[in-house]
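Residue numbers (this note's numbering), protein chains in the order written: chain A, 11 to 503; chain B, -7 to 508.
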C-alpha cells in the first residue's frame, strides 16, 4: 500500500514539471512576485501543488518555496508529498547548475509527524474499509454510499487520487436522490481540477447539471404541493433557498467548465465561461481550496483579451459588476484592461511581461501563457494598424516597444495568416494597407466562380452518365481472367 | 475484356469469338476458306440491316459450329488477292462489310493471317459512314485495338494516331460522348508522344457515356482515358487541365458492393507503366504497381485511381502551389490511403524549400517506384515560384537577397532569374531596381467586354444543357417511378387536398356569384 501510494503521488505532479523543466522564470524587480502573499490565498493540496510548481520554474525563490511547502505538508495527511518535493527540488538543482542551499538545511520533515500520520492513515483506512464491508453486508444503501464517499475523501486527502476517484464513482450506484448525485459530481470535479484533468471535467459538469435540474424540479414539485396547504411564504423561502443553492452549484459548474476549456486551449469559450462565473461567495469552499478570486480575474481577462473584439471586451469586462469584484483582487488586471481599451499597447505588453512570472507560477495558466500572450500581441497589432492606410514601421515599433525587425516579423506573420490586409515595404520599412478595387474583384470572382461551376458541372454530368450506364468500378467478374486480358492488351503483347 | 451484359441487339457471340481472336493457338485451324461468296453477298445485300444480320450471324453460326465461322472473314479471294486491297470494296459504299472483315483481320494473329494493308485502314477510318459503324460498335472497338496492336507490331506507334484520331472524332454522335476508342487513342498518342492530336480531342470535355450506342463500353475506358489524358496534359505542362482530367479519373464512381476489385485495374496500371517505360521521357509517367488496397464492404476503388490521385496531388502542387481536398463524392478510402504517405508529406511541406528537400530525400524511393520522380522534380523546381507568389502578397518591396533566402535559392542572381522568369510568364507584376530591390504591384484583374461576353455565353450554353438534362431525367422512367414512390405519403394527399380545396372554394364562389 505504502509503495503504491508513493508512486501514485509521484506520477501526478512530477509529470508536468518534467515537460516544463526547461522553462525558468525570473523573479526580480522587473518581475515582482511575492510568494508569501500569493500562497496565502490557497490552502491544502493545491497550495502544495502550486508551491512545487513554482519551485520547479523559479530557482530564485525555490528555497523559500521549499520551506513554505514543508510547512503546508505538515498540515496535510500525505507525508509522501515530501518525497515529491525533495525530488523536484533536486531535479531543479541538477541541470540548472544554480547553487541552492541544501534542502535539509532549509526545512526538514518532522519524522515523528510522518510516522504518526502514516500510522493514523493506516488505521483510518482499515476502519473505513471495515465500515464499508459491514454496510455492504447489511445492504443499507445510504450507508454504503456514505462509506464510499468517506473512503473517497480519505484517499483524496492521502493523495491516492486513483482510488479516490474509484470510490467516488462507485458511490454513484448507491445514490438515491439527485442531491446525492450532485454531491458525488462535485467531489469528483474538485478531484479532477486538483489533478488538472481538464478533458474529463465536462463529463461531470454535464452530469451535475442534470442532477441540479432534477433537484430543482423535485423541489419545485414539493413546493407547489405544499403551497396548497398553509404558507405561501414558506414555499417561497424554500424555493429561494433552493435557488441560492442552485447559484452556488452553478457558479462552481461554470468555473469547472471554463477551466476545462482553458486547459484544452479553447480560450474564447474559457473567457465566456469565466466572465459569467457568479460572485466569489457562490464558489464557497472552492475559493482557496482550488482557486483564488484573483486567478479567475487573470484567466478571464487574459482569455478575453486574446480572443474577444474590443467592443466585447469593453462590454463584458469593464461593465461587468460581478467580474470587477474579481479584478479588484489583482489591480494590475484593471490597468491591463484599461490600457488595452485605450489602445495603449506598449503598456499592455509591459504589464504582460512584468507579471509573466505571476502567470507562469499558476498551475492552470502556465501552459497557456505563451499562447495567450502571443494572441493578445497579435490582436493588438491588428487593432493598431486598423485605422491606417500606411504607417512607418518605426512608428509601430515605438508604439509597441519593439525593434523594427521584430515589428516587421510580427506584421509579416500576421499578413501571412490573413489577419492584416496589408503589404510591407521592406526597403523603406512601411506597412501599406491593401487597396482593393471591389468592382474588379467582383468581376474576377464572378468569372472564376462561373468557370469553376462549369467545370464541376461537366464532371458531374459525366459521373451521372457513367452511373446511369452502370460504368462503375467494380470487381471483375472473372476476377484475374478478364483482368489478364486487359493487361495483355495494354501491354500490347 | 469483360464486357458489360450485351443489350438486346447484340448477340452474345462476338465476345466469345473475340476471345479466340486474341488467342495464340490458331495454328491447328484449317486455312480460312475463300471469301468470294461472302463478298458477293456483301456487295449485293439489299439493306444495311440485312447485311449486318448476315455478318453477325456468321460469327454466331461459326461459334456454334465449333469455330471457323468468323474465319470466313479472314479469307482471301480464290485467286489469292486480298479482299481489302485494290479497291474491291469501296469503304464509302460498303463500309459495313469492310468493317467486319477489318475487325476480323485486325484481331487475328498477324503471324497466321497477313495484316490488312495500312492504306485500307486509314481510308476506312477516314471515310467510313458513321451510320455503318454504329451498327457494329463492338467491331469498331476491335478495329481500334487492332490498329494499336498492328502499329506496335510494326514498331511505330505513331502510325496508329491518325486513323484512331479519325475514329474518335468522326464516329461518336458528339464530341462529348465517351467511346471505347478514346482510351486506345489516348494511349497511342501518349506512347508515341504525339500530343497535338490528343489536345484536339481533349478540348471537348466528355459529358456523355451511352451503353446503348457502345455496348462494350466499360468503366475502365473512362478511367484509363482520363488517366492517360491527365498524364498527356501534364507532359504538355497544362496543369489545370491535367488536374481536372486526373480528378475525373480519381472520382470515377465505385460500386456500392464488392470485395477485392483490383485485378483488372492492376493489370491496366501495370500495363501503362510498361508502355511508358519504353517512351523514356523526362517525366516519369505511368507506373501502376500493385497497391495493396484493403477491400472494404463499401466497394473498392481501382488501383489506377490511387495512382491518379498521386499524380493529381503532384499536378496540383505544380499548378496551384497547394493540394486541394478531393470532392466529396470521391471514394473515402482513397483519401485515407494517401494520408500519412509520401505524397501527403510532400503536399504539407510545399513550398517550403527546406522541408521539401527533406521530404524528397526521405521519400525518394517511393517517388521513384511510382515513376513520379519527373513530376516531383518539376514540383520542386517550381516551389520557389510559389514562395515568391506568397511574398508578393505580403511585401510591397523586397531585396533580392531576401527573395533568395525565402525561396531557398543560392544567391541574388538566382533570385533575379526567378523574378524575371515569373514576370515574363505573367505570374507576377514587379520591377527590379538597380539596387536590387524588387517592387511588387498587383494590378487589378482587367476583363474586356469580349471576355465577359464569352463567359456569359458559356454560362448560358451550360444552363441550357443542364435544363435539357433536367428535362430528360425528369421524364425518365427511373426518376418518375422513384418520385411517385417517395411522394406517395407526403405529396400526393396534399396535392389532392389542394385540388379539392380549389374545387370547393371555386364552387362556393360560383354559387355566391350565381345567387347574389
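In this text, a Cβ means the ideal position worked out from N, Cα and C, and glycines have one as well.
If distances are taken between C-alpha atoms only, which option among 34(B), 298(B), 325(B), 370(B) comes closest to residue 313(B)? Here the closest residue by C-alpha is 370(B).
So what's residue 39(A) in DSSP terms, helix, strand or just coil? Coil, per DSSP.
Mapping DSSP to helix, strand and coil, what is residue 161(B)? Here DSSP, grouped into helix, strand and coil, assigns residue 161(B) to helix.
What is the residue span of the alpha helix (DSSP H) that residue 49(A) lies within? Under the DSSP assignment, residue 49(A) falls in the alpha helix (DSSP H) whose first and last residues are 45 to 49.
Residues within the stretch 413 to 432 of chain A neighbouring chain B, beta-carbon criterion of under 8 angstroms: Closer than 8 angstroms at the C-beta level to chain B, one finds these residues of the stretch 413 to 432 of chain A: 422, 425, 426.
Short check: CB of residue 205(B) to CB of residue 169(B), under 9 angstroms? It is a contact, given that the beta carbons lie within the stated cut-off.
Indicate whether at least one CB of chain A lies closer than 9 angstroms to the CB of residue 272(B). Residue placement at residue 272(B) cannot be trusted, given a pLDDT of 33 that sits under 50; what the coordinates show is reported in the next sentence. At least 9 angstroms separates the CB of residue 272(B) from every CB of chain A.
In chain order, what residues of the same chain have a beta carbon less than 6 angstroms from the beta carbon of residue 336(A), not counting five sequence neighbours either side? Only 303, 306, 307 meet the Cβ criterion.
C-alpha distance - residue 484(A) paired with residue 378(B), whole-angstrom precision: A direct Cα-Cα distance of roughly 39 angstroms separates residue 484(A) from residue 378(B).
Under a Cβ-count criterion, where at least 16 other Cβ atoms within 10 Å of its own Cβ denotes burial, should residue 149(A) be classed as buried or exposed? By the neighbour-count criterion, in which a residue is buried when 16 or more other Cβ atoms sit within 10 angstroms of its Cβ, residue 149(A) is exposed.
Provide the residue(s) that pair with residue 432(A) in DSSP beta bridges, ordered along the chain. In the DSSP output, where bridge partners are listed per residue, residue 432(A) has 443(A).
Sub-9 angstroms separation of residue 345(B) and residue 399(B) beta-carbons: Yes. Within cutoff.
Note down, in chain order, each residue of its chain lying with its Cβ closer than 6 angstroms to the Cβ of residue 157(B), except the 5 sequence neighbours on either side. Closer than 6 angstroms at Cβ, skipping near neighbours: 189.
Could you confirm whether any beta carbon from chain D is found closer than 9 angstroms to the beta carbon of residue 358(A)? You won't find chain D in this structure, because its protein chains are A and B.
Which class does residue 387(B) belong to by DSSP, given the choice of helix, strand or coil? Residue state, collapsed to three classes: strand.
Does residue 308(B) have its Cβ less than 9 angstroms from a Cβ in chain A? Not an interface residue.
Could you check if residue 340(A) is buried or exposed, using at least 16 other CB atoms within 10 Å of its CB as the buried criterion? Taking all protein chains shown into account, residue 340(A) has 16 or more neighbouring C-beta atoms within 10 Å of its C-beta and is therefore buried.
Put residue 39(B) into one of helix, strand or coil per three-state DSSP. In the displayed model, residue 39(B) falls within coil according to three-state DSSP, outside both helix and strand.
So if DSSP puts residue 430(B) in a beta bridge, which residue, or which two residues, is it bridged to? 390(B), 424(B), per the DSSP bridge assignment.
So is residue 247(B) in contact with chain A if we call contact Cβ pairs under 9 angstroms? So yes, residue 247(B) belongs to the interface.
Determine which residues of the stretch 466 to 477 of chain A have a Cβ less than 7 angstroms from any Cβ of chain B, and write them out in chain order. Of all residues in the stretch 466 to 477 of chain A, only 467, 468, 469, 471, 472, 473, 475, 476, 477 place a beta-carbon less than 7 angstroms from a beta-carbon of chain B.
Specify the secondary structure class of residue 368(B) as computed by DSSP and reduced to three states. Residue 368(B): helix per DSSP, three-state reduction.
Chain-ordered residues of the stretch 391 to 417 of chain B with a beta carbon less than 9 angstroms from chain A: Of all residues in the stretch 391 to 417 of chain B, only 391, 394 come within less than 9 angstroms of chain A when Cβ atoms are compared, listed by chain position.
Please classify residue 215(A): does DSSP put it in a helix, a strand, or coil? In the structure shown, the three-state DSSP call for residue 215(A) is helix.
As a quick exercise: from 74(B), 298(B), 27(B), pick the residue whose alpha carbon is nearest that of residue 219(B). Per the C-alpha coordinates, the member of 74(B), 298(B), 27(B) positioned closest to residue 219(B) is 298(B).
From the DSSP output, read off the bridge partner residues of residue 402(A). Residue 402(A) is bridged to 440(A).
Just the C-alpha distance for residue 429(A) and residue 66(A), rounded to the nearest angstrom, thanks. If you take the alpha carbons of residue 429(A) and residue 66(A), they lie about 37 angstroms apart.
Cβ-Cβ distance between residue 133(B) and residue 107(B) below 9 angstroms: No, they are not a contact pair.
Please list the terminal residues of the continuous alpha helix (DSSP H) segment that includes residue 9(A). The structure shown does not extend to residue 9(A), since chain A is modelled only from 11 through 503, so no value can be given for it.
Assess, as a yes-or-no matter, whether the stretch 405 to 421 of chain B is touched by the stretch 438 to 454 of chain B under the definition of 3 or more beta carbon pairs within less than 8 angstroms. The stretch 438 to 454 of chain B is not in contact with the stretch 405 to 421 of chain B.
Kindly say whether residue 184(A), judged by its beta-carbon, lies nearer than 9 angstroms to any beta-carbon of chain B. Taking 9 angstroms as the CB threshold, residue 184(A) stays off the interface with chain B.
Taking 8 angstroms as the cut-off, does the stretch 411 to 420 of chain A touch the stretch 355 to 371 of chain B (at least 3 CB pairs, one atom from each stretch)? Contact fails: fewer than three Cβ-Cβ distances are below 8 angstroms.
Any C-beta of chain A under 9 angstroms from that of residue 388(B): Taking Cβ atoms only, chain A reaches closer than 9 angstroms to residue 388(B), which makes this a yes.
Could you tell me how far apart the beta carbons of residue 440(A) and residue 393(A) are, in whole angstroms, since I believe they sit closer than 8 angstroms? No, residue 440(A) and residue 393(A) are not in contact; Cβ-Cβ is about 19 angstroms, not under 8 angstroms.
Beta-carbon gap between residue 342(B) and residue 302(B) smaller than 9 angstroms: Taking 9 angstroms as the cut-off, the Cβ atoms of residue 342(B) and residue 302(B) do not count as close.
Please report the straight-line C-alpha distance between residue 419(A) and residue 191(A), rounded to a whole angstrom. Roughly 54 angstroms separates the two Cα atoms.
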